[in-house]
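Below is one structure, written out as structure tokens; comments come after it.
2 protein chains.
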Amino acid sequence: MTTDTYISIDTLREQVYAAFAKSGVRPETAQSVTDVIVAGERDNCKSHGIYRIEGCLRSVASGKANPTAVPVLKDGGKAIIEVDAAGGFSCPAYDTGRPTLIERAKELGMASLAIRDALHFSALWYEVEDLARAGLAVISMCPSYAFVAPAGGTTPLFGTNPFAFGYPRKGTHPYVFDFATSVAARGDMEMRRIAGEPIPEGWAIAPDGSPTTDATEGLAGAMLPFGAHKGSAISSMIELMAGAMLGEFMSKEALDFAEGGPLPRHGALIIAFDPARFAHSSGRDPVAEGEVLINAMTDQGARLPSERRYAARETAETHGVLLSETEIMRLEAFAARGLGALDD
Amino acid sequence: MTTDTYISIDTLREQVYAAFAKSGVRPETAQSVTDVIVAGERDNCKSHGIYRIEGCLRSVASGKANPTAVPVLKDGGKAIIEVDAAGGFSCPAYDTGRPTLIERAKELGMASLAIRDALHFSALWYEVEDLARAGLAVISMCPSYAFVAPAGGTTPLFGTNPFAFGYPRKGTHPYVFDFATSVAARGDMEMRRIAGEPIPEGWAIAPDGSPTTDATEGLAGAMLPFGAHKGSAISSMIELMAGAMLGEFMSKEALDFAEGGPLPRHGALIIAFDPARFAHSSGRDPVAEGEVLINAMTDQGARLPSERRYAARETAETHGVLLSETEIMRLEAFAARGLGALDD
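The following block contains the structure:
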């Protein structure tokens with residue numbers, strides 16, 4: 014019988030950091046990656062929590078992620094700020110570009126951060142929330158691995174391409190959403206396959222293009238975009254904007270390059286807007302106006318997109334994070350021996 | 014029995030222009046509105062075609078649209094270009110801001126056009142296509158009338174909020190999509206109601222929040238966003254970015270203000286990106302990269318979003334536009350007497 018145990022966020026942070034620091038990851042990078050993993054676990058967003066340690070360390074062990082890469086900021090003083098992750102993780106690239114992005118968005122009214130050549134491990138909500146706390150409205154997007162067929166097609170071409178948005182609020186957490194543009198998550202399909210369970214209609218098509226509820230067939234065929242042709246259009250936009258437009262990999266190239274390793278290699282696009290500048294000549298307060306909409310949503314019982322994450326965060330900040338015995342053993346092994354624990 | 018007749022695009026343009034010019038609309042505004050209506054009819058996008066003449070002229074007749082308003086450009090030399098439509102139509106406001114938007118996007122890498130206080134009559138695809146032809150990637154969005162409930166809610170709050178995107182192509186029409194963030198168009202629900210036909214499940218909810226297939230109940234209740242909570246999130250983003258952030262009306266205010274008149278009064282946000290600048294340091298050609306994606310879509314039989322419009326355009330440019338006898342009579346009456354033909 015296993016027992017779940019609460020561990021404090023501080024302890025979690027120390028252990029995650031140790032896992033990376035003991036694996037030859039440069040301290041600043043270990044810190045950036047730790048921040049995202051701890052935030053994911055704290056918010057009960059397990060897809061970016063401690064289970065990711067293994068994938069990140071495998072990317073290091075296999076030589077796919079450069080653990081000592083130093084992100085290079087390229088700033089021409091205009092609205093595009095570029096950071097070359099140089100084959101390292103995306104999180105330190107974001108942290109490197111962040112101060113200039115905020116400063117430039119406030120100076121010009123808007124600015125973009127283009128991240129190049131990153132082993133992509135980031136929760137987009139983490140970044141848009143962070144920038145919304147700095148008073149900015151933010152759109153963020155990136156390609157991933159080509160697992161999704163365009164609407165009307167039969168062959169994987171788009172990634173599960175996440176799209177995220179953040180808007181500042183006063184006195185409470187920012188308004189944040191972050192979703193995959195596929196109907197389902199790849200991991201959910203994998204879990205059904207392992208459990209021998211069918212997948213719901215509309216998640217995927219078989220290799221011959223026909224609808225399927227068989228998880229194995231769906232994984233061999235193609236996943237489907239959310240919202241039919243409209244979601245498919247959004248996903249195509251993400252390929253074009255965060256792939257083609259940056260001159261970085263689109264999802265098909267990322268998959269071909271990395272052969273489905275734990276982290277895809279590609280770019281990312283973050284667009285930041287200063288609501289104070291956009292609203293200025295109207296005489297209105299754009300954040301107070303946002304509250305009118307958000308309150309009208311909650312007043313009628315609609316759930317806000319990040320409500321569950323923020324609730325989980327509150328619990329974690331009070332009681333710590335609840336981990337299973339297996340999770341704790343694994344975390345402690347990584348914290349003690351880094352990469353060395355991969356083959357336990 | 015009525016007969017459909019082809020009329021040339023040039024004749025159509027003259028007649029539509031005359032309808033506005035004879036209604037006291039200033040020449041530049043008449044030209045801008047005519048351009049959009051003729052493009053809509055030409056592309057068989059009837060929702061922005063000649064049937065809109067009546068609604069536009071009614072907005073003038075009722076005093077809701079100011080026919081002589083001169084759009085005012087406000088440019089602080091940074092990334093936000095503002096045009097105050099001053100209570101006139103949105104089309105001349107776009108035309109007023111367009112040259113500065115293009116110039117600034119190419120100079121800084123990106124720029125936004127914020128349109129203020131417009132009687133909104135524009136097809137977003139018209140604007141994003143136009144800017145994509147100038148070599149820019151473009152996102153455009155605006156609120157509308159609050160007819161749509163947020164996911165999980167029961168009360169209209171969001172508009173059918175269109176979202177559009179354009180990306181340049183070489184040697185062919187730009188890649189363009191433009192869709193409402195509601196499942197269905199309001200007009201399609203109205204048509205089912207008039208015909209006494211049911212609406213499909215998922216289009217709308219009744220006033221008590223329960224699912225309905227009754228068009229009258231759906232119109233009295235609320236329309237639903239596409240793609241469940243994900244489409245709802247996109248729609249909330251449009252309210253926040255193109256409403257709250259600009260300090261302009263959101264869809265609820267627009268509906269309260271105009272009481273459902275033919276054109277809502279609000280702002281619009283167009284964000285333009287220069288792919289050449291974004292891709293520069295990668296050494297790749299962002300337009301050629303886009304072709305890789307677009308060709309991979311068509312190769313597998315996926316339809317491109319604007320394919321039908323471009324095909325209709327080709328037909329119209331060769332044969333003219335096919336109009337019914339009723340449409341031609343109405344068009345001729347407006348061309349001859351402007352507002353005076355409203356009560357025929």
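So the sequences go chain by chain: A and B. In this text, residue positions in the first sequence follow the working numbering: the first is 14, and each later residue adds one. In this text, residue positions in the second sequence follow the working numbering: the first is 14, and each later residue adds one. Virtual Cβ for every residue (Gly too), placed ideally from N, Cα, C.
In or out: residue i buried (at least 16 other Cβ within 10 Å) or exposed?
i       : result
R290(B) : buried
A354(A) : buried
Y107(A) : buried
K183(B) : exposed
M204(B) : exposed
A31(A)  : buried
N308(B) : exposed
Y158(A) : buried
Y19(A)  : exposed
R145(A) : In the sequence as displayed, the identity of residue 145(A) is Ala instead of Arg. So A145(A) counts as buried.
E340(A) : buried
P213(A) : exposed
P40(B)  : exposed
S103(A) : buried
T42(A)  : buried
Applying a beta-carbon distance threshold of less than 7 Å, which residues of chain A neighbour residue i?
i       : result
M250(B) : F178
P318(B) : A246
K91(B)  : L121, G122
T168(B) : Q313
G110(B) : Going along chain A, no residue has its Cβ under 7 Å from G110(B), so there is no contact; the nearest lies around 14 Å.
F239(B) : G240, K243
E142(B) : Under the 7 Å cutoff, chain A gives no residues; its nearest Cβ is about 14 Å from E142(B).
DSSP three-state call for residue i: helix, strand or coil?
i       : result
L344(B) : helix
I94(A)  : strand
S195(B) : strand
H242(A) : helix
K77(B)  : coil
S153(A) : strand
A329(B) : helix
I63(B)  : coil
D421(A) : Because chain A spans 14 through 357 in this model, residue 421(A) falls outside it and cannot be assessed.
H293(A) : helix
A217(B) : strand
G184(B) : coil
M310(A) : helix
M250(B) : helix
Y19(B)  : strand
L232(A) : helix
R206(A) : helix
F270(A) : helix
V141(B) : helix
R129(A) : strand
For residue i, go through chain A and note every residue whose CB falls closer than 8 Å to its CB, in chain order.
i       : result
G148(B) : The contacting residues do not exist; G148(B) stays about 12 Å from chain A at best.
P163(B) : M310, Q313, A315
In chain B, which residues lie with their C-beta within 8 Å of the C-beta of residue i?
i       : result
S125(A) : G122, M123, F286, F291
S295(A) : R129, L259, G260, E261
P299(A) : A257, M258, L259, G260
State yes or no: is the C-beta of residue i within less than 8 Å of the C-beta of residue j?
i       : j       : result
A325(B) : N57(B)  : yes
C155(A) : L352(A) : no
G166(B) : M310(A) : yes
G53(A)  : A136(A) : yes
R199(A) : F262(A) : no
G333(A) : I22(A)  : yes
K77(A)  : L132(A) : yes
S195(A) : M236(A) : yes
Which bits of chain B does residue i rub up against, with CB to CB less than 7 Å?
i       : result
F192(A) : K243, A246
K87(A)  : S294
M254(A) : A150
G215(A) : None at all; the shortest Cβ gap to chain B is about 11 Å.
I want to check one thing, is the minimum distance from the CB of residue i to the heavy atoms of the ligand SAH below 7 Å?
i      : result
A92(A) : The model depicted lacks the ligand SAH and carries no ligand whatsoever.
Using a Cβ cut-off of 9 Å, pull out every chain B residue sitting near residue i, in sequence order please.
i       : result
K265(A) : V305, L306, A309
Below 8 Å, can you find three or more Cβ-Cβ pairs linking the segment 178-193 of chain B to the segment 312-321 of chain B? yes
Three or more C-beta pairs closer than 8 Å, one from the segment 294-301 of chain B and one from the segment 157-174 of chain B: is that the case here? no
Does the segment 218-232 of chain B touch the segment 253-266 of chain B, meaning 3 or more C-beta pairs lie closer than 8 Å? no
Could you say if the segment 74-93 of chain A and the segment 107-116 of chain A meet the contact criterion of at least three C-beta pairs nearer than 8 Å? yes
Are at least three pairs of beta-carbons, each pair with one atom in the segment 235-247 of chain B and one in the segment 236-255 of chain A, less than 8 Å apart? yes
Is the segment 207-214 of chain A touching the segment 121-129 of chain A, taking contact as three or more C-beta pairs under 8 Å? no
Using a Cβ distance threshold of 8 Å, determine whether the segment 250-260 of chain A contacts the segment 115-126 of chain A, with at least three qualifying pairs required. no
Should the segment 55-72 of chain B be called in touch with the segment 27-43 of chain B, which here means at least 3 C-beta pairs below 8 Å? yes
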